[in-house]
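These notes are about the structure you will find just below.
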Amino acid sequence: MLDWSLLVFVLLCVATAASGAVFKPGAWYEALAKPSWTPPNWLFPVVWTLLYIMIAVAGWLVWKMAGAGAAMFFWGLQLVLNGAWSWLFFGQRRMDLAMVDVALLWCSIAIFILLAWPVSIWAGLLFVPYLVWVSIAAMLNLTVWRMNPQAA
Numbered sequence: 007m008l009d010w011s012l013l014v015f016v017l018l019c020v021a022t023a024a025s026g027a028v029f030k031p032g033a034w035y036e037a038l039a040k041p042s043w044t045p046p047n048w049l050f051p052v053v054w055t056l057l058y059i060m061i062a063v064a065g066w067l068v069w070k071m072a073g074a075g076a077a078m079f080f081w082g083l084q085l086v087l088n089g090a091w092s093w094l095f096f097g098q099r100r101m102d103l104a105m106v107d108v109a110l111l112w113c114s115i116a117i118f119i120l121l122a123w124p125v126s127i128w129a130g131l132l133f134v135p136y137l138v139w140v141s142i143a144a145m146l147n148l149t150v151w152r153m154n155p156q157a158a
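So the mapping is simple: the working numbering equals the position in the sequence shown, first residue as 1, plus 6.
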């Protein structure tokens, strides 16, 4: 039988993903100098769709377990920071503040993994690709910021 509480976690991730849809890269981002290792534009929605599914399932798995309060705090925090990044980087064009945001996001993901692992190893494992992708995103944020000091 389907556990409808999973739907709540999916909807929270959809709401977060909406910030990425509202604050799109656009002409400003296209005009910025970017490193040669920048992933192609088509890859971002594919990766984020898969990651949001994993984020929702991981949160749901931990939420179902007793004593997961601290892990759930960091699950919620990473979602807020995730949504804020698109607004900061694309909406406000503040690469500096987006860098702070993505660093805090990386930390909240890592802490979630550490706290979730004893509660649900699967939840921890589901967040590992997310941590890898956010590591790439953080390096991209930093590199684009450094390559475009006039645009920050």
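Just so you know, even glycine gets a beta-carbon here, dropped at the ideal spot from N, CA and C.
For A74, which three-state DSSP category applies?
-> coil
Per-residue DSSP class, three states only, for R99 = coil
Assuming M153 contacts A39 under a Cβ cut-off of 8 Å, what Cβ separation, rounded to an integer in Å, is found between them?
-> 4 Å
According to DSSP, is D9 helix, strand or coil?
-> coil
Helix, strand or coil: how does DSSP classify T44 here?
-> coil
Between W34 and R99, which are expected to be in contact by the criterion C-beta below 8 Å, what is the C-beta distance as a whole number of angstroms?
-> 6 Å
If you draw a straight line from the alpha carbon of S126 to that of V68, how long is it in whole angstroms?
-> 6 Å
Segment contact flag, the stretch 12 to 19 with the stretch 133 to 144, C-beta cutoff 8 Å, min 3 pairs = no
Should the stretch 86 to 100 be called in touch with the stretch 24 to 31, which here means at least 3 C-beta pairs below 8 Å?
-> yes
If you draw a straight line from the C-alpha of A144 to the C-alpha of V150, how long is it?
-> 10 Å
Closest by CA to F96, which one among L146, L12, W10 and K30?
-> K30
Do you know offhand how far A157's Cα is from P45's?
-> 21 Å
Nearest candidate by alpha-carbon position, reference S92, set K70, S114, G65 and V108 | V108
Between which two residues does the alpha helix (DSSP H) carrying P51 extend?
-> L49 to W69
Are three or more beta carbon pairs between the stretch 71 to 81 and the stretch 111 to 129 nearer than 8 Å?
-> yes
A74 versus W10 - alpha carbon distance | 19 Å
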